[in-house]
Amino acid sequence: MQRRPEQRLAHIHRRPYIETKEHLGGFAVVDVPDDARARYGAGRIAVAVGWPQEVHGFPHRVALSTDTQTEALS
Numbered sequence: 000m001q002r003r004p005e006q007r008l009a010h011i012h013r014r015p016y017i018e019t020k021e022h023l024g025g026f027a028v029v030d031v032p033d034d035a036r037a038r039y040g041a042g043r044i045a046v047a048v049g050w051p052q053e054v055h056g057f058p059h060r061v062a063l064s065t066d067t068q069t070e071a072l073s
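Numbering that gives the first Met the number 0 applies: residue 0 is where the sequence shown begins, and numbers increase by one.
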């Protein structure tokens, strides 16, 4: 459903959407040394926002703009 500022009525789209329980409300990318730290961080976020969190690892380390050349290769 969308609402345009100049309109008083909501515009409803009639097409398939995912269920609300499957909707992604956002995500965070956190650089941590191991899975235990990732789970700890997700737990803190879950407590802060009151919603369960999922933890997914990246298949390899992605070079960040703040990394040095040596860190990016590890």
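Even for Gly, the Cβ is constructed at its ideal location relative to N, Cα and C.
Please read these numbers as outputs of a predicted model, since none were measured by experiment.
Original post:
What is the residue span of the alpha helix (DSSP H) that residue 34 lies within?
Top reply: Taken as a continuous stretch (DSSP letters only), the alpha helix (DSSP H) holding residue 34 covers 34-48.
Original post:
Roughly how many angstroms lie between the CA atoms of residue 31 and residue 24, to the nearest whole one?
Top reply: 22 Å
**OP:** Return yes when at least one heavy atom of the ligand ATP lies under 7 Å from the C-beta of residue 51, else no.
**Re:** Summarising the ligand content, the structure contains no ligands, and the ligand ATP is consequently not present.
**OP:** Compare the C-beta of residue 49 with all C-beta atoms of chain D and state if any pair is closer than 8 Å.
**Re:** Included in the structure is just one protein chain, with no chain D present.
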